[in-house]
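Chains as they are written, first to last, in my numbering: chain A, 370 to 935; chain B, 540 to 629.
Here's the structure, in structure tokens; my notes come after.
Here it is, written out as structure tokens:
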């Protein structure tokens with residue numbers, strides 16, 4: 370069997386796809402697996418034993434050639450793509466997994482004439498479509514991130530499930546990389562007992578960066594308290610951030626901007642005791658080589674989705690107070706409570722190491738100095754997927770509650786946890802780290818949330834009823850009646866959409882429906898009606914299941930309230 | 540006079556700076572009229588510039604009977620749209 374996996378995003382995304390590579394390798398041990406990547410990810414694939422071959426996708430030069438308004442360069446782009454398509458056709462792949470979400474990637478696989486595609490694809494009538502339930506989840510969860518409790522690595526790996534799911538990222542560090550680290554440590558007189566910390570100051574976007582000065586202050590504290598030896602890692606363009614760091618604490622850190630290859634960086638991380646980082650590719654590399662990660666999650670970052678994959682990593686984020694800044698204030702300075710402070714990250718690091726030593730999650734009571742932040746530690750949940758558990762003991766809020774109910778719903782709906790016992794273990798493991806709300810609040814959640822999901826289910830039921838009638842109408846050839854029924858369905862779609870807009874916590878379900886309704890395949894009316902029926906049935910199942918999960922979570926918290934408060 | 544210039548200098552007058560702009564007719568001469576690309580380009584007006592913005596105006600809808608060169612041009616268009624959207628988001 371010949372398999373193609375298309376992952377043409379950035380390095381971090383490629384590393385995040387390595388659990389899927391391993392799942393596919395486990396399922397098809399004798400398959401020939403080829404991965405298509407951008408040049409920047411080449412070293413990641415070379416360090417992956419599950420992949421047989423790779424194709425470099427030169428999207429950036431193709432794009433540059435097209436925007437140049439130059440006939441010869443346009444022809445270069447044409448020739449490059451022609452060669453690529455013919456090469457893909459010649460390789461006769463049996464199946465392709467498309468982990469890239471663009472229409473262009475879907476079109477490329479269509480033109481490559483691969484018989485089976487999982488992920489984004491083009492239908493028989495050349496319309497963009499999604500194949501596979503987890504693909505739909507991936508596409509729609511990004512539009513309602515607050516309610517997504519699953520890490521991207523888990524979402525990707527579920528594109529192909531196996532009985533014993535993979536729980537790690539894969540990157541094999543070669544001996545040359547370890548030699549590089551030995552030389553580096555010798556050059557800077559780093560001894561085996563030294564506490565080695567790497568810091569990644571950059572991030573793909575400015576708003577995802579914790580200030581370099583704060584990194585410096587943290588570095589100073591780590592050095593004073595633990596005699597930490599610090600390396601600043603990153604690409605050459607991040608050297609400017611390193612200069613800011615050095616101005617704050619001259620001579621404290623060893624700058625390595627642009628001085629390491631990816632395998633060398635992996636070697637260094639493997640020998641380091643900690644990486645302090647923004648949300649970056651380096652973070653995923655550290656997770657892959659089992660270097661503990663302290664993620665300072667700032668800006669538009671959802672650590673549950675993109676955070677470090679693996680057990681025993683830490684993420685710190687601001688609580689929602691940051692959105693309640695005093696807009697009347699004339700000062701351009703950021704309020705201290707609206708920034709994660711170096712002291713807070715230091716405390717989180719100390720908690721992380723204490724937990725790693727005890728090999729279990731230890732909670733801490735809320736203290737005023739940590740009031741404005743959330744600290745979470747990663748661990749695999751009984752359902753086999755990664756979960757970030759709270760380190761600071763607090764009452765569970767609405768969003769956490771619903772996010773977790775959604776996790777239970779999706780995993781059951783998409784057949785990951787069909788066993789009730791696993792779900793109970795999930796509930797027990799998570800809720801032990803929260804204080805249960807009072808009975809009044811739980812009763813309100815149960816009534817309000819459950820009521821909304823049930824009402825939504827009612828709208829889907831109407832859709833099912835009308836679509837069943839529509840099928841008969843089409844079979845009987847009553848065109849005018851069919852038109853009226855299609856109009857009614859459009860009205861129901863609109864009601865579902867508006868209901869989702871009014872109650873944002875319903876969006877993970879209503880968005881899937883909208884997405885599926887917009888992506889019907891084919892032009893045969895009866896076939897379209899059948900697909901529509903399945904969409905409403907799916908929406909109905911998800912809504913009723915969510916109503917049940919809300920009730921189950923409320924019941925669990927209510928019955929165990931006393932023990933949770935102990 | 541304009542007809543004379545057009546006939547004898549063709550796409551060369553469209554060149555600006557270092558950019559090379561050729562007409563579709565010139566591209567056919569260069570790459571051969573018997574290739575699938577040449578055959579499809581022959582169905583287009585010969586004096587239009589061979590540039591994405593111009594070629595896109597002549598692309599038919601994609602279906603199972605679409606000639607291979609059209610498929611490639613459609614793909615190029617998708618790459619461009621995706622890339623430009625990405626740049627806008629950044």
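In this text, a Cβ means the ideal position worked out from N, Cα and C, and glycines have one as well.
Only a predicted model underlies this, so the values are computations on that prediction, with no experimental measurement involved.
DSSP three-state assignment for residue i, whether helix, strand or coil
i                      : result
residue 600 of chain A : strand
residue 468 of chain A : coil
residue 740 of chain A : coil
residue 422 of chain A : strand
residue 497 of chain A : strand
residue 606 of chain A : helix
residue 664 of chain A : strand
residue 822 of chain A : helix
residue 683 of chain A : strand
residue 922 of chain A : helix
residue 397 of chain A : coil
residue 589 of chain B : coil
residue 782 of chain A : helix
residue 676 of chain A : coil
residue 688 of chain A : coil
residue 592 of chain A : helix
residue 698 of chain A : In this prediction, residue 698 of chain A has a pLDDT of 46, which is less than 50 and means its spatial position is unreliable; what the coordinates show is noted afterwards. Looking at residue 698 of chain A - three-state DSSP - the assignment turns out to be coil, as it is neither helix nor strand.
residue 759 of chain A : strand
residue 892 of chain A : coil
residue 748 of chain A : strand
Beta-carbon proximity of residue i to residue j, cut-off 8 Å
i                      : j                      : result
residue 898 of chain A : residue 843 of chain A : yes
residue 611 of chain A : residue 626 of chain A : yes
residue 919 of chain A : residue 818 of chain A : yes
residue 985 of chain A : residue 392 of chain A : The requested residue 985 of chain A does not occur in the structure, where chain A is confined to residues 370 to 935.
residue 461 of chain A : residue 569 of chain A : no
residue 607 of chain B : residue 473 of chain A : no
residue 412 of chain A : residue 630 of chain A : yes
residue 589 of chain A : residue 566 of chain A : no
residue 782 of chain A : residue 914 of chain A : yes
residue 423 of chain A : residue 414 of chain A : yes
residue 486 of chain A : residue 500 of chain A : yes
residue 433 of chain A : residue 559 of chain B : no
residue 446 of chain A : residue 615 of chain B : yes
residue 857 of chain A : residue 869 of chain A : no
residue 777 of chain A : residue 746 of chain A : no
residue 491 of chain A : residue 475 of chain A : yes
residue 385 of chain A : residue 521 of chain A : yes
residue 636 of chain A : residue 380 of chain A : no
residue 517 of chain A : residue 673 of chain A : yes
residue 467 of chain A : residue 489 of chain A : yes
Identity of the residue in the options nearest residue i by Cα
i                      : options                       : result
residue 884 of chain A : A:557, A:874, A:370 and A:905 : A:905
residue 402 of chain A : A:464, A:428, A:759 and A:451 : A:464
residue 686 of chain A : A:488, A:739 and A:780        : A:739
residue 539 of chain A : A:387, A:924, A:776 and A:630 : A:387
residue 453 of chain A : A:437, A:395 and A:479        : A:479
residue 824 of chain A : A:755, A:724, A:712 and A:865 : A:865
residue 890 of chain A : A:439, A:727, A:495 and A:414 : A:495
residue 714 of chain A : A:759, A:856, A:637 and A:587 : A:587
residue 580 of chain A : A:801, A:665, A:443 and A:837 : A:665
residue 907 of chain A : A:921, A:860, A:828 and A:807 : A:828
residue 596 of chain B : B:618, B:609, B:604 and B:602 : B:609
residue 623 of chain A : A:378, A:597 and A:801        : A:597
residue 641 of chain A : A:707, A:563, A:594 and A:742 : A:563
residue 572 of chain A : A:594, A:608 and A:543        : A:608
Same chain, Cβ closer than 7 Å to residue i, neighbours up to 5 away in sequence not counted
i                      : result
residue 830 of chain A : 909
residue 577 of chain B : 567, 570 and 571
residue 373 of chain A : 403, 405, 462, 465 and 483
residue 594 of chain B : 612
residue 526 of chain A : 388, 389, 392, 534 and 535
residue 605 of chain A : 626 and 627
Cβ-based neighbour list, residue i, same chain, cut-off 6 Å, excluding 5 preceding and 5 following
i                      : result
residue 553 of chain A : none
residue 645 of chain A : 568 and 663
Proximal residues to residue i (C-beta, below 8 Å), its chain only, five neighbours per side dropped
i                      : result
residue 576 of chain A : 667, 668 and 669
residue 851 of chain A : 839, 842, 843 and 894
In the segment 444-469 of chain A, which residues sit with their C-beta less than 8 Å from some C-beta in chain B, listed in chain order? Taking 8 Å as the Cβ-Cβ cut-off, the segment 444-469 of chain A approaches chain B at 444, 446, 447, 450, 451 and 454, given in chain order.
Under 9 Å (Cβ pairs) to chain A, residues found in the segment 595-613 of chain B: Residues of the segment 595-613 of chain B whose Cβ lies closer than 9 Å to any Cβ of chain A, in chain order: 600, 601, 602, 603, 605, 607, 608, 610, 611, 612 and 613.
Give, in chain order, every residue of the segment 566-583 of chain B whose Cβ lies closer than 8 Å to some Cβ of chain A. Here the close residues are 566, 570 and 576.
May I ask you to list, following chain order, the residues of the segment 420-438 of chain A that have a beta carbon less than 8 Å from some beta carbon of chain B? Look at the segment 420-438 of chain A: the residues with a C-beta under 8 Å from a C-beta of chain B are 428, 431, 432, 435, 436, 437 and 438.
Of all the residues that make up the segment 630-652 of chain A, which are near chain B by a beta-carbon distance shorter than 8 Å? So nothing in the stretch comes that close.
Going along the chain, which residues of the segment 469-489 of chain A sit with their C-beta nearer than 7 Å to a C-beta in chain B? Cβ contacts with chain B come from 471, 472, 473, 476, 477 and 480.
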